[in-house]
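S.K.: Chains as they are written, first to last, in the working numbering: chain A, 25 to 140; chain B, 135 to 253.
Quick reminder that beta carbons are idealized off the backbone N, C-alpha and C, glycines included.
Because the structure is a prediction, the values reported are computed rather than measured.
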Amino acid sequence: GAVVSQHPSWVICKSGTSVKIECRSLDFQATTMFWYRQFPKQSLMLMATSNEGSKATYEQGVEKDKFLINHASLTLSTLTVTSAHPEDSSFYICSRSRVAVNTEAFFGQGTRLTVV
Amino acid sequence: AQTVTQSQPEMSVQEAETVTLSCTYDTSENNYYLFWYKQPPSRQMILVIRQEAYKQQNATENRFSVNFQKAAKSFSLKISDSQLGDTAMYFCAFMIRPYSGAGSYQLTFGKGTKLSVIP
Numbered sequence: 025g026a027v028v029s030q031h032p033s034w035v036i037c038k039s040g041t042s043v044k045i046e047c048r049s050l051d052f053q054a055t056t057m058f059w060y061r062q063f064p065k066q067s068l069m070l071m072a073t074s075n076e077g078s079k080a081t082y083e084q085g086v087e088k089d090k091f092l093i094n095h096a097s098l099t100l101s102t103l104t105v106t107s108a109h110p111e112d113s114s115f116y117i118c119s120r121s122r123v124a125v126n127t128e129a130f131f132g133q134g135t136r137l138t139v140v
Numbered sequence: 135a136q137t138v139t140q141s142q143p144e145m146s147v148q149e150a151e152t153v154t155l156s157c158t159y160d161t162s163e164n165n166y167y168l169f170w171y172k173q174p175p176s177r178q179m180i181l182v183i184r185q186e187a188y189k190q191q192n193a194t195e196n197r198f199s200v201n202f203q204k205a206a207k208s209f210s211l212k213i214s215d216s217q218l219g220d221t222a223m224y225f226c227a228f229m230i231r232p233y234s235g236a237g238s239y240q241l242t243f244g245k246g247t248k249l250s251v252i253p
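1. Closest to residue 39/A by C-alpha separation, out of 83/A, 117/A and 105/A, would be which residue?
2. Which first and last residues belong to the beta strand (DSSP E) in which residue 147/B is found?
3. With distances taken Cα to Cα, identify the nearest neighbour of residue 60/A among 46/A, 118/A and 32/A.
4. Please confirm whether residue 232/B has its beta-carbon closer than 8 Å to some beta-carbon of chain A.
5. Can you pull out the residues from the segment 165-181 of chain B whose beta carbon lies closer than 9 Å to at least one beta carbon of chain A?
6. Looking at the secondary structure, which residues open and close the beta strand (DSSP E) in which residue 31/A lies?
7. For residue 135/A, which residues of its own chain have a beta-carbon under 8 Å away from its beta-carbon, when the five flanking residues on both sides are left out?
8. How close, in whole Å, do the beta carbons of residue 47/A and residue 27/A come, if the pair is a contact with beta carbons under 8 Å?
9. Just to make sure I have the definition right: I need the residues of chain A whose C-beta is within less than 8 Å of the C-beta of residue 228/B. Which are they?
10. Between residue 70/A and the rest of its own chain, which residues show a CB-CB distance below 8 Å, the 5 nearest in sequence each way excluded?
11. For residue 146/B, which residues of its own chain have a beta-carbon under 7 Å away from its beta-carbon, when the five flanking residues on both sides are left out?
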């Protein structure tokens, strides 16, 4: 079964409003989670690294005031798109990795955001 | 910084045939992992196969196998006996292996190859 659960799977919002996306690690306490953005027919681009109990680390070019990340517990990270605009419409995916015997990255189902 | 290059934006293969997807990467690291992930139309990312860089033996998972050439920094995916359900985007990805043996690192992805399996 899924080990990373992302909610909602899709959302439509009006320009200027904010949208929160939740990402839960179901089977493992994740001190670190990752948020990716995927444009249509393109690859996943890392937006930020979410760190439990501390500030997120944003990739170059990602507006930290627009994409607020909170990682208040070991199982939940949230991404809030503030004052959304149509250009924020995209597919957002969260992930956590496990570096162990069978190293792997686990992904949420993704959230399709449409800003109208 | 690491880069991953997939030079084939789209490929097609007849059902039951074999297809090979190419991937090259660039890194100064010596310890790392390489992955192939599949993204079907549902857009859920699914692990196809992983390779640890320190292992010389090529990884295999049923119909999926890799040709890992560390010196050439090449990591191709071979799909044998292609099935309709293999139709998807395939992403090659790279992860640094933490020196402590634990921790959490992000993936660096290639641009992907769209594979279509034709009946």
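M.R.: Taking the definition as stated:
1. Residue 39/A has its Cα closest to that of 105/A, out of 83/A, 117/A and 105/A.
2. Note, residue 147/B: beta strand (DSSP E), 144-148.
3. It is 118/A whose Cα lies nearest to the Cα of residue 60/A.
4. Cβ-Cβ to chain A under 8 Å: yes for residue 232/B.
5. Residues of the segment 165-181 of chain B that bring their beta carbon within less than 9 Å of a beta carbon in chain A comprise 167, 169, 171, 173, 176, 177, 178, 179, 180 and 181, in sequence order.
6. In the DSSP assignment, residue 31/A falls within the unbroken beta strand (DSSP E) covering 28-31.
7. Within the same chain, residue 135/A has close Cβ partners 30, 31, 32, 33, 34, 35, 45, 115, 116 and 117.
8. Wrong, their Cβ atoms sit about 11 Å apart, outside the cutoff.
9. What residue 228/B touches in chain A: nothing, since even the nearest Cβ is about 11 Å away.
10. Around residue 70/A: 58, 59, 60 and 83.
11. Taken in chain order, the residues that qualify are 250 and 252.
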